[in-house]
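S.K.: I am attaching a structure below and will ask some questions about it afterwards.
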Amino acid sequence: AVGWKFGRISRTAVAILKTAMFEILYMPDVPDKAAINEAVELAKRYEEPPTIPFINGILGSFSRNEISSYEK
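Our numbering numbers the first residue of the sequence shown as 9 and each following residue consecutively.
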């Protein structure tokens with residue numbers, strides 16, 4: 009997330025990101041896309057509009073990188 013400083017991210021957004029990342033890493037029965045979608049839906053409800061694509065982008069990148077690290 010270019011241009012975002014860590015201090016700019018709300019505690020709610022951090023909690024949403026951590027929850028989705030946990031699901032992606034440790035809950036194989038939850039598809040990555042479902043974890044990301046649920047995180048985005050939570051962000052829509054509790055966060056400001058600019059935070060929504062940020063969360064989606066971070067989790068999408070995290071998911072792609074997490075999968076590629078297992079393929080090596």
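Idealized CB from N, CA, C, for every residue including glycine.
Which residue comes first and which comes last in the alpha helix (DSSP H) that contains LYS5?
M.R.: Nothing can be reported for residue 5: it is not among the residues displayed for the chain, which extend from 9 to 80.
S.K.: How close, in whole Å, do the beta carbons of ILE63 and ILE32 come, if the pair is a contact with beta carbons under 8 Å?
M.R.: With 8 Å as the limit, ILE63 and ILE32 do not qualify as a contact, their Cβ atoms being about 13 Å apart.
S.K.: Check each candidate in PRO36, GLY65 and ILE17 and name the one with the smallest Cα separation from ASN92.
M.R.: Residue 92 falls outside the range modelled here, since the chain spans only 9 to 80, and no answer is possible.
S.K.: Would a C-beta distance cut-off of 8 Å place ALA43 and ALA21 closer than the cut-off?
M.R.: no
S.K.: Quick one: using the 10 Å Cβ neighbour count with 16 as the cut-off for buried, is SER71 buried or exposed?
M.R.: Residue environment: SER71 is assigned as buried (16 or more neighbouring CB atoms within 10 Å of its CB, all protein chains considered).
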